[in-house]
Each structure stands twice: as C-alpha cells, then as structure tokens.
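Asker: Here this note's numbering is used: position 53 in the sequence shown is 231, and no number is missing along the way. Note that the Cβ used here is the ideal one computed from N, Cα and C, for glycine as well. One structure follows; several queries about it will come next.
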Amino acid sequence: MPKIGRPDIINEINRGLILQVVREEGPISRAKIARKLGLSRPTVSAHVNELIKEGILLEVGKGEAKKGRRDILLKYNSRHGYILAGEIEGSWFKLAISDLCGEIHYSENINVQKLKEKNLMSPQNFPTIINEILEKYNIKNKLKVISLGVTGIIEEGRLILCPGLPEWANAPLIKILEKEFPNCIQIIERDVNMAVLGEYWKGAGKGFDNIVYITMSTGIGAGIIIKGEIYTGYNKFAGEIGYMAIDSPEDPYPGALNTPFGALEWHSSGAGILRRVEKLGRFNNIDEVFENYEKDGNIKEIIDFSAESLAKTIVNLTVSLSPEIIILGGFAKKYFNILIPKMRKILEHYLPIDVNIQPSSLENAVILGSIYKALNIYHSSPVIL
C-alpha cells in the first residue's frame, strides 16, 4: 500500500476541518470558514467546490453584507448518506434509518417469531433484511454506516454470549455484514451500552458524565459511562449485572453453568418473574403480572423481591462507581412508580447518601445511542467521506 505524502495528509485534515465547521455552524460563507480556520480563501474554495461536487455540501443562498457582494452560504447535506441503526433482541429487530445529522426518517419493527416461521432467523440472512429496507426507501447506494445494539457480549465482532438470541451465538456478525456491505462502516455494541449513549445524548443522562443505565426486560443489564466514555472493563463484562449475587432460600439459583441467566436475572428479570408466578396462574407477559400487583398478595411479594434485588444491585453500583445518575429502562421504567417506594427503603437502609434514580425519558434509547456512536465514528473519519 503506497504511503500518503504530507500534502495529502494536510488536504485531508483541512477537508475534515472545513466539514466540521460547516456541520456545526452552517449556513456559513467560504470567507468566514477561511477566517475561522486560518486557511487561505483559495484553499477553502478548492475543498468546498470538491465537496459540493460530491454532494456533501450545499449552497443555500446568500448572507447579509455590509458592503459589496453578499457571500454565498454553505450548508452540510445531511442526506448525502444514511445510517442504519438497530436494536437486535430476542423478540424484535427494531431498525431505523437516520441522516448524517442524526434525524430519523424511517423505522421498521420486525417480529422475531415471524422470522423464525420463515426460516430467516439465521444471522446469515440479516443482510437480506437490511437490503429489503434499503430498497424500500431507495437509499441502498447512500448507506454509510450500520450501527447495531445487540443483546449479549461481543468480542471482535462476534456474539459470544447472547441468551436472548441463541441462533446468533458465535456468529461473526461483522464479517457477515462486511461481505455484503464492504463500503460501509460496521459497528456492533451491547444494547445497554448503546442505550446509555442514547440517554447521554438525548435523554435523562444529558448533562451528566457519569451514568449507569439499567434495563430490565427478559434479562437485566447495565450500560456504564465514566467521565463521558463507555466503560466495558477488561473483558467487556462490565455491566453484566444480571450475574449479581442475589439469592432466595425459597428459590435457589441453580448456577451459571445450569442456566443462561445470572442470579439477579433468575429472580428479578421479566423471565424470572414470569417463571416465579407460573404457579399462581397463567400470565402471558410481564404487564399482566404488574396489573395484579395490588390484587394478589403473592404477586406483590414476588415483585417487591424484584424491587429489593434491584435496589441492592444499585447499592453495589453506587459504592463501586459513584454515578451522578442511575437511569432505569425496560419494565423498570414502565412500572417505576410501583418499584421505587420499595427500592427507596432499601437504599436508605444501606447508603448514607442520596442516589439520583430516574426512569428513562426515551422510547428508543438503543436506536438513538446507535446513531450517536455512528455519527461520532463517521464524522471522525474524513478520509472515507
């Protein structure tokens, strides 16, 4: 591979700086860009003309002038490319298409059960699903980034631990996507990490640099931001709080080798609660269980134990990480007002400090976090534009 000479490096740096200024401050004139960056007018004009030709920048009218001709203003064309963002979990594939400023234009929710019925659940079929969406909205040639939040643990683009998606276990997802979409950036991250990024960008975590996001659904997991950066730990296991050591004498945890769930999940996740209420009647989903919270003392006891277990987990997270805010998602968000009174009592018993706990303010935190990460990576790589 030939080495890039210094002029080429300088050109790429200047191009990237010009793009950044137009994205952040546009509409803006060539003259103002030159003054702001300390570049010559001919240098700025040469790059701008090239970027207009490529469809990345647009001329959008003229600015005000105190004397002489009015300068033509430039704007970033956020629709010269698109991001496909996704939340991939055991029940639904939630996909969205955003422009390169993060505005969502299209979304699709795909029922996993229907994929199984059509024998399309294999990860090798996932590019086909993506292509159908791209063709539907006529943007296949404009796709720049695929950014996915996936349930489980990811290592080198491969899903190592994903109890909610057994068909995808050990699948080399990055390689599968790279083969079909070689000109796109591929991003795969734990769904809870994407969710905490979404909250950091647009949700309850906005304005905070130290955040823990906890989701409670079929399983339980946490996304952690420390000093504005995602924290994953040595082996990317940080945040797998479903394995917190919580137990009950009446319903002992069978051990990690005997179930795909951790101890906290065994007792307190959506799957754990449904398992524990089986003997009390037929419940199709977690919503039906919570609807009977005030009506059935046994159900109340099970849900209160779940709240107590979550609160003890938050105690451990607080003394370990000291976050500014803890955000609850999943059914912990939906039934926040039922869970929080019991949780507050536990927290006040074990901690001498107040803990800022808030429900998620977003309906699509994973999608937004996937877009946020895609934007940061894409816009930090001017060479690929």
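List in chain order: all unbroken alpha helix (DSSP H) runs of 4+ residues lying wholly within the region 342-409.
Answerer: Counting only runs of 4 or more, we get 351-358 and 369-380.
Asker: If we ignore side chains and look at the alpha-carbon of each, how far apart do tyrosine 528 and glycine 330 end up?
Answerer: Whole-angstrom Cα-Cα distance: 30 angstroms.
Asker: Short of 7 angstroms in beta carbon distance, which residues of its chain neighbour glutamine 536, apart from the five on each side in sequence? Order them along the chain.
Answerer: For glutamine 536, where only same-chain residues beyond five positions count, the Cβ hits under 7 angstroms are Ala382, Ile503 and Ile505.
Asker: Using the rule of at least 16 other Cβ atoms within 10 Å of the residue's Cβ for burial, across every protein chain shown, is arginine 368 buried or exposed?
Answerer: Flag for arginine 368 reads buried.
Asker: Skipping 5 residues on each side, what residues in its chain have a beta carbon closer than 8 angstroms to that of proline 185?
Answerer: No residues qualify anywhere along the chain.
Asker: Pick out the complete alpha helix (DSSP H) segments inside the region 525-563, 4 residues or longer, and give them in chain order.
Answerer: 543-557, all fully within the region 525-563.
Asker: Assuming aspartate 186 is part of the alpha helix (DSSP H), what are its boundary residues?
Answerer: Looking at the DSSP string, the run of the alpha helix (DSSP H) that includes aspartate 186 is 184-203.
Asker: For aspartate 121, count the other beta carbons within 10 Å of its own beta carbon; 16 or more makes it buried, fewer makes it exposed. Which is it?
Answerer: Since the displayed the chain opens at 179 and closes at 563, residue 121 lies outside it and no answer follows.
Asker: Return the first residue and the last residue of the alpha helix (DSSP H) that asparagine 309 is part of.
Answerer: Note, asparagine 309: alpha helix (DSSP H), 304-314.
Asker: Is the CB-CB distance between isoleucine 146 and glycine 399 below 9 angstroms?
Answerer: Here the chain has residues from 179 to 563 only, and residue 146 is not among them.
Asker: Just to check my reading of the structure: isoleucine 354 and glutamine 291 have Cβ atoms closer than 8 angstroms, yes? What is that Cβ distance to the nearest angstrom?
Answerer: Not quite, the Cβ-Cβ distance comes to about 22 angstroms (not below 8 angstroms), so this is no contact.
Asker: Among all the DSSP beta bridges, which residues are the ones paired with glycine 450?
Answerer: Looking at the DSSP assignment, glycine 450 forms no beta bridge with any residue, so it has no partner.
Asker: Quick one: measure Cβ to Cβ for isoleucine 324 and leucine 262, integer angstroms, because I've assumed they're closer than 8 angstroms.
Answerer: The pair is a contact, with the Cβ atoms about 5 angstroms apart (cut-off 8 angstroms).
Asker: Tell me leucine 506's beta-bridge partners as DSSP assigns them.
Answerer: Paired residues: Ile392 and Pro537.
Asker: Taking one C-beta from the region 514-531 and one from the region 404-413 each time, how about it: are there three or more such pairs within less than 8 angstroms?
Answerer: Cβ pair count under 8 angstroms is below three, so no.
Asker: Among the residues of its own chain, which have a CB less than 6 angstroms from the CB of glycine 280, if the five just before and after it don't count?
Answerer: Hits under 6 angstroms: Ile549 and Leu553.
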